[in-house]
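Using our numbering, you'd call the opening residue of the sequence shown number 149 and step up by one each time. C-beta atoms are modelled at their ideal positions from N, C-alpha and C, and glycine is treated no differently. Here the structure is a predicted model, which is why all the values come from computation and not from measurement. All remarks here apply to the structure that follows.
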Amino acid sequence: MSTQHTSHKQVINRLKRAHGHMHKIMEMLENERSCVDVAQQLYAVEKAVIKAKRLLIHDHIDHCLGQGDHDPQSSQTLDELKEITKYL
């Protein structure tokens, strides 16, 4: 099993974007920007991290848990597992 999954590059890009937002948020706070502006950027960071996490989990389900011969029930179970991860 490869340690480099297909989504890792996308996850890294999302996390780099979140990192850039975090740096900008710190600058905004140092420059005493409005709380509304800061909250908006914090929300963007939160969503970026959530999407990166979901992408990583789905990739793990597909490439680690989903390997091998599976019957239709197993495939359905994996699909349901992926669906429920949106609530993480």
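Classify residue i as helix, strand or coil using the three-state DSSP reduction.
i, result
"residue 236", "coil"
"residue 225", "helix"
"residue 149", "Low local confidence applies: a pLDDT of 45 at residue 149 is under 50, so the model's placement there is unreliable, with the coordinate-based value given in what follows. DSSP places residue 149 in coil when its eight states are reduced to three."
Over the uninterrupted alpha helix (DSSP H) stretch that includes residue i, give me the two end residues.
i, result
"residue 165", "156 to 178"
"residue 153", "That residue, residue 153, is in no alpha helix (DSSP H); it is neither H nor E in DSSP."
Give the C-beta separation of residue i and residue j to the nearest angstrom, bearing in mind that I take them to be a contact with Cβ-Cβ under 8 angstroms.
i, j, result
"residue 193", "residue 170", "6 angstroms"
"residue 202", "residue 234", "7 angstroms"
"residue 213", "residue 226", "6 angstroms"
- Task: Note down, one range per segment and in chain order, each alpha helix (DSSP H) of at least 4 residues found wholly within the stretch 178 to 209.
- Result: 183 to 208
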